[in-house]
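Chains as they are written, first to last, in the numbering used here: chain A, -18 to 438; chain B, -18 to 438; chain C, -18 to 438; chain D, -18 to 438.
C-beta atoms are modelled at their ideal positions from N, C-alpha and C, and glycine is treated no differently.
Since the structure comes first, as structure tokens, the remarks are kept for the end.
Protein chains: 4
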Amino acid sequence: MSQRSSFYPELKRDIAPPHGKLGVLIPGLGAVATTLIAGVHLINKGLSQPYGSLTQMQRMRLGKRTSPRYALIKDVVPLADLNNLVFGGWDIFPENAYQTACHAGVLPREMLDQVKDQLETVRPWPAVFEQAYVRRLSGTNLKSGTTKKHLADMLIEDIEVFRQREGIQRAVMVWCGSTEVFTQPAPVHETIEAFEAGLKANAPEISPSMIYAYAAISAGVPFANGSPSLAVDIPALVEYAGQRHVPIAGKDFKTGQTFLKTVVAPGLKAKMLGLAGWFSTNILGNRDGEVLDDRGSFRTKEVSKGSVLEAIVQPELYPELYGQVFHKVRIEYYPPRGDAKEGWDNIDIFGWLGQPMQIKINFLCRDSILAAPVALDLALFLDLAQRAGLSGIQEWLSFYFKSPMSRADLKPEHDLFIQHLKLTNTLRILVGEEVLDHSGLDYYESSDAYRTGMGEA
Amino acid sequence: MSQRSSFYPELKRDIAPPHGKLGVLIPGLGAVATTLIAGVHLINKGLSQPYGSLTQMQRMRLGKRTSPRYALIKDVVPLADLNNLVFGGWDIFPENAYQTACHAGVLPREMLDQVKDQLETVRPWPAVFEQAYVRRLSGTNLKSGTTKKHLADMLIEDIEVFRQREGIQRAVMVWCGSTEVFTQPAPVHETIEAFEAGLKANAPEISPSMIYAYAAISAGVPFANGSPSLAVDIPALVEYAGQRHVPIAGKDFKTGQTFLKTVVAPGLKAKMLGLAGWFSTNILGNRDGEVLDDRGSFRTKEVSKGSVLEAIVQPELYPELYGQVFHKVRIEYYPPRGDAKEGWDNIDIFGWLGQPMQIKINFLCRDSILAAPVALDLALFLDLAQRAGLSGIQEWLSFYFKSPMSRADLKPEHDLFIQHLKLTNTLRILVGEEVLDHSGLDYYESSDAYRTGMGEA
Amino acid sequence: MSQRSSFYPELKRDIAPPHGKLGVLIPGLGAVATTLIAGVHLINKGLSQPYGSLTQMQRMRLGKRTSPRYALIKDVVPLADLNNLVFGGWDIFPENAYQTACHAGVLPREMLDQVKDQLETVRPWPAVFEQAYVRRLSGTNLKSGTTKKHLADMLIEDIEVFRQREGIQRAVMVWCGSTEVFTQPAPVHETIEAFEAGLKANAPEISPSMIYAYAAISAGVPFANGSPSLAVDIPALVEYAGQRHVPIAGKDFKTGQTFLKTVVAPGLKAKMLGLAGWFSTNILGNRDGEVLDDRGSFRTKEVSKGSVLEAIVQPELYPELYGQVFHKVRIEYYPPRGDAKEGWDNIDIFGWLGQPMQIKINFLCRDSILAAPVALDLALFLDLAQRAGLSGIQEWLSFYFKSPMSRADLKPEHDLFIQHLKLTNTLRILVGEEVLDHSGLDYYESSDAYRTGMGEA
Amino acid sequence: MSQRSSFYPELKRDIAPPHGKLGVLIPGLGAVATTLIAGVHLINKGLSQPYGSLTQMQRMRLGKRTSPRYALIKDVVPLADLNNLVFGGWDIFPENAYQTACHAGVLPREMLDQVKDQLETVRPWPAVFEQAYVRRLSGTNLKSGTTKKHLADMLIEDIEVFRQREGIQRAVMVWCGSTEVFTQPAPVHETIEAFEAGLKANAPEISPSMIYAYAAISAGVPFANGSPSLAVDIPALVEYAGQRHVPIAGKDFKTGQTFLKTVVAPGLKAKMLGLAGWFSTNILGNRDGEVLDDRGSFRTKEVSKGSVLEAIVQPELYPELYGQVFHKVRIEYYPPRGDAKEGWDNIDIFGWLGQPMQIKINFLCRDSILAAPVALDLALFLDLAQRAGLSGIQEWLSFYFKSPMSRADLKPEHDLFIQHLKLTNTLRILVGEEVLDHSGLDYYESSDAYRTGMGEA
């Protein structure tokens, strides 16, 4: 038997148990958020299963391949129970979660009616909003304050009131709002001092999503960013999260077309198949599509979706295979589809002797259906991270993001399978289990293998 | 810095250097084989690059992510040089490799003409063939012998003559012949004694591909099986390979539709997206398509392609997600396409709250273009394995196969990404490099991370 | 102005007005029939529109292009009103139309519930059935009789009872039952005398669908055949229909993939684009799919679907373009889809200088949704034909069929657009309107054109 | 037998025979033009067939269906012989047709080499060009003149020199140049007087394509416009063509995606299937794609492609079915594809009871391969029109165009099948043959039908 030891004992953690209620705070109580909330209540009533959620359904192998035990992730690490989640949030429209969910049309009305009471109690608090950042929307349920600092304080106050009213022990914040217009990092984003000065001076470079992220960290609440907007992904707030011992993660939920891209691209690269071009178009008709019909917001999304491919195929290492990839991403607002967005990818590859081949992928997906369990998992894993004493950027959650945040001197990982291994091996490490590297030679070449008569003499 | 040690020092090998010529022996000098041979010569002349080949182009990360070094696989492990390959083989048709390649129509004539001389020297030796195993083909370039034992001896003699004539040091055999009709393992396949008795008694259950495999092992030549026929995948020959210290691998090159299936299915499973059905159809018009138009041969292929999905999604662990997958695979002979086969997959998935979504994949691929570098890599890796003292089943090569062989008490791995990690980590182990597990928490939570100011305080 | 006269005054008809109720008799009260019945009631209640129905929605141009008037077909020819339809039918399962519709899952339950009362009153009469003709089904709601003649008489009796009970003035029969196994015409099908002798002698070549057709004609009821089974398409029954002055039409509703094929193939032919191959596969999961999973029934369908392409492209006229078309049609039972069948076509074409191009069509359709309005139109048009004094084969209804019936010495027309022109020009002729030939040169080259200053000087 | 007479004797023409050589003058000697020229020479040498050309390959039915005769169009109407065509043209690049064809990469080099001599003799004359109209291109082979009138005179001179040098009897001009930026008709386009004044005054609203059209008409040369630019489609030039007895036609060759759209949309409409949306995207990488990557040129193309659908489905007549169609067309420059452009259409339809269905069409086409025979047919038919004494707009050629020109008070026809019938029935009329209306009732209901025993008694 192998003498090897794939443990990281120094990284094992004492994790505080998930006692009491966990508040899930959501800026943007739209289609994704209400699909999440409806789903959690339906699951808690036994009316559905948590399909799509790793925290609830996925299993990890413990033990060797010859006598494996497959335990649920939630039995390996201590996660908050779905029955202990309490939802609250902000939106620029005043409708409650039931009304919004009906209007969004993601779930059948019969399904929503089964949790109507629970949904109706979720009424959005007035939102921090700035027209210049989301040009296609305008709402009425807004906060007003003389400075951005005041607005942040009002958010912190909302959280505190919610904590006390609902009797929650811990909270996490998951941004589910619209994509803001493309913004380049500015000096005001560099340090927490500059940022706080900017809040007071109403610096135009500070967007609403940054104000939410700042409020969350200030309140000791982990923050995940489901959109490609910068939000917490600026040096000032990364630094601030470290100071305040708050875990953060982002950005941009990896759901439909990009999810598949990060599945297929690693497959092509594993096979050393060259890539001449990749054309991706998307048609979608929900509010997300409407917002992205604006050039500024689309640019933010485009940058987020565009970087994925290059990061995976590494043209700097493989100039002959990936040095000339023509990658084009389009998002098209197409109302007939509503939330049922659809992607079409054309992939021009080449193999042995440069011979061309093509792959076309047509993904008839559902935006909010794919995003809801991602939001759920992030809420539960960020809460775990906080209880485990982790803080700052949680790169091990990059599995969930189109543009994963990472340490400034590290390249983020986009390959879905490496991301998945990173996530599960991190969970193993936290609880002191052996990590998996799938090498497996020991099954064939060790003395144990010999005894089964299958290895060498 | 982490105290961990992800090394398997006890599995490190002293690997004999790849001096001299390596004979590549191919039963079935058809489209795949001639595409491989033409390609190697074109690459050796600098007229193309070895796209699609891991042994030639892929790199592995050595060192930490903060200061990585990306070395070519062929610089990490000692592989035979492409200039040292010498090709030989058997076929039921007497045409030389140039004639066959022209007829196959895989590569443009201009390309073939650049290596015409080299291709013309490869003239197939008379083949061992049995009509009952491949009902759609009949050729004239055949061996005849009174018993299957005699036929095996004639193959061994061919190898020996080739060795001496070409002055080769080592050889490997890669089966590129047609798919034989579906066969269930029988008593004659159980032990090497029973098998050798069967050879002498002309047991009908012993197929030509088994005779080639037996001959290879007898001659100390590693054997890889590119078709789904049983060939070396019977207990008798696995046992024999162990006795003779010969590495073996199989079965069925993973190239087009199944390759993509083992890319996409792990992606869906990683995301815990449920699967209601998967329909795969293939249209192809080459000799492979013609052979598979026969029910018996199709059945062999169908079984090989069918097991992939279940093995990846593990319905026994995830009955709610994968317990009711309707998986159907069709292969359709469609002459207009020639070698340019095409797959269409319709995948019915479901996510959060059971909502259905669909993925359709249309793969316009090239059978022989995808298979040729697989055959090349297997030849080079099996030679490596032999020089490293490995023998018997090489499960770490399962990356290349639709139906990977494994120890009887282990489930083979079908997930392309796990297979890829298994392959690369095995190579690392053989040369004493640290294996990768992608956990990465140490970059954030170690004292080193602290010093960069990105981790916790 | 043109002197021409595109009228066929000798073919104009005095058409009896559609007074009173029209009975619609349906053998096979399954998914298609119940979708039709539910729809008619929903439309009559003003809850939906008759999408997909030419009789209800399509308009015809009357007058010249310069001053056109677009009248509804139903205002040009006198058709029975939807409010005057009364439905009855036979089935091997005893469930009423509401139960069957719920089980079929074609329409949402909320929709069905709006016409639940009307659907529940449609209870199928015991059916004439023979296991040998539909091997995958077996039901309990069956007639028994000593001879096929007795069975026919029982059907005639059912019709008579229905007529009196419901007070209907006229009736039509539309076969919506399953596809029977493939049958070649036999001597017993040649003359009405031989056929009637066969009925009495229980000739095995006489299938249930033929017995229904015979009963309909005997009762003076027009008959349409929605399946590819022979039914009324045998010389004996064509002759009989002529004798009894009964209009007949068939066979095999043209709905999904074949409908599109008869749209696209004429387009390619119009452009003189060559055709190398056409591969069509279908996945479907309803009872239809289950029945067609049987080889005998599939063969019947295959022949019906296969002849379409050749008839359109006319290889005898265009050997260079269409002399080598490899046409393959597959139907695959795939339960995850239910009634939502899906077609995938790959079309290999070639153009200028023989250069190849490809068209792929993926049709996510709904079997019963497409078939229901076809059945409705046929019922109404056959009733019109009878009132107009037409009888025998109604070739002008070939628009609705995959295998249109025609005079023995004429080739049936498969091009959807010619079929459509045939249908609308026939309607014009019946009421004495000018036919359209779309030539239009008179708008440019007549003295009238000259006066507008647009034509020649 | 029917008494009817479907003849238009007053429109029959005495057509001058096509003696001598026909000059084919092409502004824009790029991929389309050189593919056309190479093809004509290859066909004349017997090395290929004129696939895709109606004038060369299509047949028309003469006589009744019971005793049909299928004659080639070119045997029914007198067309110029391919051996009598002489090509000349203008381009902003000085390369000869062989060089341009090699660079375009549409045809394999081996094919081009077979007609290298013929191609090399076609050297483009300096072009009339204006950067503001095609912003992405700039060439060196340009005419310069002080006014646009001078430029027009130089073109007329080119034609005259060509006529004499080559000894041609007649000529036609077919615009194959790039798409100009979107232009709205202005006062200078209203009358020929205003236009000629504008030529002298260098009116910026007069584009190069208009100057070519003016020159052609002035020289008595028929003009066809293969691009969506206005060119001859302005009142001034339509009037001028009438005055000068010159036939004209346009605009925008109907080739790939739009061709299929005008095939599929009429099919949906014939079936009364509703349309919720139609999304069309195109990826292409040739010079055409490059030019259309400019917003101004794209706008011209977008308008041309966009109007097609509405014109076919007639929302004004069918508001319930087609009143809310969301139609979006995208063209994406994607260099990996070169001339092998590809369209993807997603079509959202609805049928009976409003139930939604989807059609997706993926067309892997070849731009120049589809356009070349269109250009050929237009050249030959315009020459026919001129010899038949037709002049002005030739609406009967609308089959070939995305935006057919028509009399100002008539709606152009976009339905490919009506266009095709219009074309063939016009040819019948010109030579005095009976037109076809496909009604066919006379085969069943006339006394003749009775005698065959198939009609009514």
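- A straight line joining the alpha-carbon of Ser(-13) (chain D) with that of Pro(-1) (chain D) spans about 28 Å.
- Cβ-Cβ distances below 7 Å link Trp377 (chain A) to Lys403, Leu404, Thr407 in the same chain, with the five nearest sequence neighbours on each side left out; the list follows chain order.
- Contact between the segment 153 to 169 of chain A and the segment 203 to 213 of chain A is present, with at least three C-beta pairs closer than 8 Å.
- The beta carbon of Thr81 (chain A) does not come within 7 Å of any beta carbon belonging to chain D, so the residue lies off that interface.
- The C-beta distance from Phe380 (chain B) to His401 (chain B) rounds to 6 Å, short enough to meet the 8 Å contact threshold.
- No Cβ of chain C is located within less than 7 Å of the beta carbon of Tyr299 (chain B).
- Its chain contains Arg50, Ala52 as the residues whose beta carbon lies nearer than 6 Å to that of Leu43 (chain C), once the 5 sequence neighbours on both sides are disregarded; these appear in chain order.
- Counting only residues of its own chain and dropping the five nearest sequence neighbours on each side, Arg368 (chain B) has a CB closer than 6 Å to the CB of Ile(-4), Ala(-3).
- One thing to note: His226 (chain D) has its Cβ within 7 Å of the Cβ of Ser372 (chain D).
- DSSP places Thr102 (chain C) outside both helix and strand once states are collapsed to three, so it counts as coil.
- For the segment 287 to 315 of chain B, the residues whose beta carbon sits under 8 Å from a beta carbon of chain C are, in order, Phe307, Lys309, Arg311, Glu313, Tyr315.
- Within the segment 310 to 384 of chain B, the complete alpha helix (DSSP H) runs of at least 4 residues fall at 348 to 368.
- With a threshold of 7 Å between beta carbons, Pro317 (chain C) makes contact with chain B.
- In the DSSP annotation of this structure, Phe68 (chain B) is not part of any alpha helix (DSSP H); the continuous beta strand (DSSP E) holding it starts and ends at 66 to 72.
- By the rule that beta-carbons nearer than 7 Å mark a contact, Trp156 (chain B) does not touch chain C.
- Trp325 (chain A) has a beta carbon lying at 7 Å or more from every beta carbon in chain B.
- When beta bridges are read from the DSSP output, His308 (chain D) appears opposite D:Trp259.
- The straight-line gap separating the alpha-carbon atoms of Ala133 (chain D) and Gln165 (chain D) is approximately 22 Å.
- Cα atoms of Leu290 (chain A) and Pro393 (chain A): separation of roughly 12 Å, rounded to the nearest angstrom.
- Classified as exposed, Ser48 (chain C) has fewer than 16 neighbouring CB atoms from the shown chains inside 10 Å of its CB.
- In this structure, Gly20 (chain A) lies near Ala353 (chain A), with their beta-carbon atoms less than 7 Å apart.
- Residue-level contact check: Asp233 (chain C) does not touch chain D, since none of the beta carbons of chain D fall below 7 Å from its beta carbon.
- About 7 Å separates the Cβ atoms of Gly266 (chain D) and Tyr314 (chain D), confirming a contact at the 8 Å cut-off.
- Gln150 (chain A) and Gly223 (chain A) have their C-alpha atoms spaced approximately 21 Å apart.
- Not a single CB atom of chain A sits nearer than 7 Å to the CB of Phe344 (chain D).
- Contacts between Tyr32 (chain B) and chain A, judged by CB atoms closer than 9 Å, involve Met253, Leu254, Gly255, Glu301, Leu302, Phe331, Gly332, Trp333, Leu334, Gly335, Gln336 in chain order.
- In the three-state reduction of the DSSP assignment, Gln30 (chain B) falls in the coil class.
- Within the segment 175 to 253 of chain A, the runs of alpha helix (DSSP H) at least 4 residues long that lie entirely inside it are, in chain order, 189 to 199, 216 to 224, 238 to 251.
- For Gln339 (chain C), a Cβ of chain D is located within less than 7 Å of the residue's own Cβ.
- Going by DSSP, Gly277 (chain B) is part of no beta strand (DSSP E) but of the alpha helix (DSSP H) stretching over 276 to 294.
- Gln145 (chain D) sits exposed, since fewer than 16 C-beta atoms from the chains shown fall within 10 Å of its C-beta.
- A Cβ-Cβ contact shorter than 7 Å links Leu93 (chain C) with Ala82 (chain C).
- For the pair of segments examined, the segment 281 to 289 of chain D was found not to touch the segment 355 to 370 of chain D: the number of CB pairs separated by less than 8 Å stays below three.
- Where Val155 (chain D) is concerned, the enclosing beta strand (DSSP E) starts and stops at 151 to 156.
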